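Comments concern the structure below.
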Amino acid sequence: MSSPNPVNLQEPFDAGLATRADFTLDQPLHLYGAVDHAVWKQLYTRQTALLKGRVCEAFLDGVARLNLSSEHVPSFAAINTQLTPATGWEIVAVPGLVPEQVFFEHLANRRFPVTWWMRRPDQLDYLQEPDCFHDLFGHVPLLINPVFADYMQAYGRAALAADNVGALPLLARLYWYTVEFGLIRDAASPSGVQIYGAGIVSSKSETLYSLESAAPNRLGFDLARVMQTRYRIDTFQKTYFVLDDFAQLFELARTDLGPLLATLADAAPFAAGAVLASDRVINRGTQQGWQTDGDV
Ligand SMILES: [Fe+2]
49 MSSPNPVNLQ EPFDAGLATR ADFTLDQPLH LYGAVDHAVW KQLYTRQTAL
99 LKGRVCEAFL DGVARLNLSS EHVPSFAAIN TQLTPATGWE IVAVPGLVPE
149 QVFFEHLANR RFPVTWWMRR PDQLDYLQEP DCFHDLFGHV PLLINPVFAD
199 YMQAYGRAAL AADNVGALPL LARLYWYTVE FGLIRDAASP SGVQIYGAGI
249 VSSKSETLYS LESAAPNRLG FDLARVMQTR YRIDTFQKTY FVLDDFAQLF
299 ELARTDLGPL LATLADAAPF AAGAVLASDR VINRGTQQGW QTDGDV
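In terms of my numbering, the sequence shown is residues 49 to 344.
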């Protein structure tokens with residue numbers, strides 16, 4: 049999708065680049081310098097080593113099939129030559145976070161917006177907003193998995209169809225606890241669970257914390273429970289929800305969320321660290337290091 053009237057958003061990282069009405073732009077490959085490529089290489093190398101045995105097979109399979117470079121910031125067009133024939137998804141460059149409705153529209157049409165710019169060398173471990181490494185390395189490998197590909201599109205469609213304002217926080221929590229911070233059972237791994245969420249996959253410290261710390265809760269995935277649970281944007285999660293397998297996402301992608309969204313729209317949400325009698329508890333967190341307020 050393109051617009052004859054590009055608008056300049058004047059975002060801090062847009063480098064004066066014009067974007068289209070759908071907030072996309074052509075990936076400005078000429079603007080990446082040696083520092084950007086070095087940061088990509090450092091993060092890529094560090095995470096691929098750390099993730100061995102800790103991330104789900106589908107993610108590793110995606111990294112291999114997309115032929116991601118370890119040496120330089122990848123060309124989005126080159127990734128699309130692998131991705132689009134496989135699942136119909138394409139990645140599109142954006143200057144940063146895009147408005148909710150624009151984001152949903154992209155997902156519903158199998159386009160994943162990827163921030164084009166790379167973080168600075170002094171931001172390897174923490175960044176307030178998503179950059180190219182988070183968006184690309186974290187999110188895109190699973191888009192070549194057919195089940196996950198369908199789930200992401202179904203999510204976008206459900207969000208576009210949501211006509212009750214109370215539904216949006218519920219959907220935001222679902223995205224947070226699956227796409228960003230999801231864990232999945234794996235009996236063969238040392239901790240019994242593995243990572244698939246992009247917010248974990250792209251973070252050294254949360255990779256270790258989410259799997260190996262005794263502090264957070266790890267609870268069996270339950271759709272209504274997840275949609276009612278507040279979360280953290282400033283610290284590690286107090287709770288991770290664990291899928292039994294990707295078949296749960298397969299079913300979710302074929303579920304009409306409308307009735308449940310309507311039922312839950314006015315329900316008071318649970319605290320990020322709550323454990324309920326109805327939860328399937330895999331690990332009840334010790335709560336060490338938790339802050340008492342600040343749930344979103
Ligand atoms: Fe993300």
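The beta-carbon is built from N, C-alpha and C at its ideal position, and this holds for glycine as well. Predicted model, so just to flag it, every value in this text is computed and none were measured.
Q: Using the Cα positions of G136 and P122, report the straight-line distance between them to the nearest angstrom.
A: 19 Å
Q) Nearest to L309 by CA position, among L222, P147 and D234, is which residue? A) L222
Q: Please indicate yes or no: does the CB of Y182 lie closer than 7 Å to some heavy atom of ligand 1?
A: In the sequence as displayed, the identity of residue 182 is His instead of Tyr. Yes, Cβ of H182 sits closer than 7 Å to a heavy atom of ligand 1.
Q | Length of the line joining the Cα atoms of S117 and I243 | A | 22 Å
(Q) What residue range does the alpha helix (DSSP H) around G16 cover? (A) Any property of residue 16 remains undetermined from this structure, which presents the chain solely from 49 to 344.
Q: Return yes when the C-beta of H154 is under 7 Å from any heavy atom of ligand 1, and no when it is not.
A: no
Q) Thinking just about the alpha-carbon of each residue, which of H78, C180 and T255 is nearest to the one in G144? A) C180
Q) Nearest-angstrom Cα distance between H78 and W338? A) 43 Å
Q: Could you please give the first and the last residue of the uninterrupted alpha helix (DSSP H) stretch that includes V87?
A: A82 to L99
Q) Buried or exposed: A112, going by 16 or more other Cβ atoms within 10 Å of its Cβ? A) exposed
Q) Any idea what DSSP makes of A325, helix, strand or coil? A) coil
Q: Buried or exposed for I127, please, with buried defined as at least 16 other CB atoms from any protein chain shown within 10 angstroms of its CB.
A: buried
**Q.** Cβ neighbour criterion (16 or more within 10 Å) applied to N193
**A.** buried
Q: Give the straight-line distance between the Cα atoms of L65 and L73, rounded to the nearest whole angstrom.
A: 8 Å
Q) Residues in its own chain within less than 7 Å of A325 by CB, not counting five upstream and five downstream? A) none
Q.
With three or more C-beta pairs closer than 8 Å as the rule, is the stretch 234-243 touching the stretch 183-202?
A. no
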